[in-house]
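K.L.:
The structure under discussion is supplied below as structure tokens; questions concerning it will follow.
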Amino acid sequence: MPGQWTAKTGRTGLLAAALIGAGLMLSACISDQEAVDMGLATKCDGTTIYSPVSDPKGRYWKGTRTEICKGAQRDAGNRDQTMLIDCVANQQLTATARQEMANQRRHGPDYDLRPAVEAQVMRLKLGLSDFAGVQQGLQAAGVPTTVSAGGAEQCKAPATAALSN
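Take any residue in the sequence shown, note its place counting from 1, add 52, and you have its number in the working numbering.
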């Protein structure tokens, strides 16, 4: 039965209570940043910079995000993402262009597909492709992508507005 070792009396019970108390005191004394530094927790920081794509119709915006994750070995690593926003349809395409993670079993293999992403953004900029065509081109190049609703609020923001979390 779980917790059975804490129900002991005498010296064994005192030891169990001391261990529990020490654990609680230690957890109260460690800040979040110290937990990250010790490898007990993971913290990801990133900044996204938005700017217009300058396509012929002025319909699309691009966001560039670099995310750095520090802390627990299984979750540490870096990612570069490109977000393309269709301001008229209010859709956002997120493409992970580069990934270098410590635990490849958990997050998949490392890759660098930035040239493929930039080629598709250039096609969009020159008017040679539309939003759906860029999505298909990225998927054909093996770039992990997700499409979600929203993002048009960035189109009204000043160019190069930085958002971080």
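Where is the CB? At the ideal position from N, CA and C, for every residue including glycine.
Can you tell me whether G194 is helix, strand or coil according to DSSP?
P.N.:
Along the sequence shown, one-based indexing puts residue 194 at 142. Note: G194 maps to coil in three-state DSSP.
K.L.:
Assuming E268 is part of the beta strand (DSSP E), what are its boundary residues?
P.N.:
In the structure as shown, the chain begins at 53 and stops at 217. Residue 268 is therefore absent and cannot be evaluated.
K.L.:
Just to check my reading of the structure: R158 and D132 have Cβ atoms closer than 8 Å, yes? What is that Cβ distance to the nearest angstrom?
P.N.:
Reading the sequence shown from its first residue, position 106 is the one you call residue 158. Reading the sequence shown from its first residue, position 80 is the one you call residue 132. About 19 Å; that fails the 8 Å criterion.
K.L.:
For a test of the three-state rule: what should DSSP assign to C139, helix, strand or coil?
P.N.:
Taking the first residue of the sequence shown as 1, we reach residue 139 at position 87. Looking at C139 - three-state DSSP - the assignment turns out to be coil, as it is neither helix nor strand.
K.L.:
For V173, does the three-state DSSP call read helix, strand or coil?
P.N.:
Working through the sequence shown from its first residue, we reach residue 173 at position 121. DSSP places V173 in helix when its eight states are reduced to three.
K.L.:
Is it a yes or a no for the stretch 166 to 181 touching the stretch 103 to 113, going by three-plus beta-carbon pairs under 8 Å?
P.N.:
yes
K.L.:
State the Cα-Cα distance for the pair R124 and Q191, rounded to the nearest angstrom.
P.N.:
Position 72 of the sequence shown, counted from the start, is the residue given in the question as residue 124. Position 139 of the sequence shown, counted from the start, is the residue given in the question as residue 191. Per the sequence shown, residue 124 should be read as Ala rather than Arg. Rounded to whole angstroms, A124 to Q191 spans 31 Å at the Cα level.
K.L.:
Using the C-alpha atoms, what's the distance from D162 back to A68?
P.N.:
Taking the first residue of the sequence shown as position 1, residue 68 is located at position 16. Taking the first residue of the sequence shown as position 1, residue 162 is located at position 110. Approximately 44 Å, taken between the alpha carbons.
K.L.:
Would you identify the three-state DSSP class for A184, choosing helix, strand or coil?
P.N.:
In the sequence shown, counting from the first residue as 1, residue 184 sits at position 132. A184 falls in the helix class under three-state DSSP.
K.L.:
What whole-angstrom Cβ distance do M153 and G129 have, given they're in contact under 8 Å?
P.N.:
Along the sequence shown, one-based indexing puts residue 153 at 101. Along the sequence shown, one-based indexing puts residue 129 at 77. Correct: roughly 3 Å between the Cβ atoms.
K.L.:
Are the beta-carbon atoms belonging to T197 and A141 less than 7 Å from one another?
P.N.:
In the sequence shown, counting from the first residue as 1, residue 197 sits at position 145. In the sequence shown, counting from the first residue as 1, residue 141 sits at position 89. The answer is no: Cβ separation not under 7 Å.
K.L.:
Around the Cβ of G203, are there at least 16 other Cβ atoms within 10 angstroms (buried) or fewer (exposed)?
P.N.:
Position 151 of the sequence shown, counted from the start, is the residue given in the question as residue 203. Its Cβ being crowded by 16 or more others within 10 Å, G203 is buried.
K.L.:
To the nearest angstrom, how far is the alpha carbon of S103 from that of D127?
P.N.:
Walking along the sequence shown from the start, residue 103 turns up at place 51. Walking along the sequence shown from the start, residue 127 turns up at place 75. Spanning the two alpha carbons is a distance of roughly 30 Å.
K.L.:
What residue range is occupied by the uninterrupted alpha helix (DSSP H) comprising R117?
P.N.:
Residue numbering aside, residue 117 sits at position 65 when the sequence shown is read from its first letter. Careful: R117 lies outside any alpha helix (DSSP H), inside the beta strand (DSSP E) at Y112 to G123.
K.L.:
Which class does P104 belong to by DSSP, given the choice of helix, strand or coil?
P.N.:
Within the sequence shown, numbered from 1, the residue matching residue 104 stands at position 52. Strand, per DSSP.
K.L.:
What's the call for I120, buried or exposed, on a 16-neighbour Cβ count within 10 Å?
P.N.:
Within the sequence shown, numbered from 1, the residue matching residue 120 stands at position 68. Per the 10 Å Cβ criterion, exposed.
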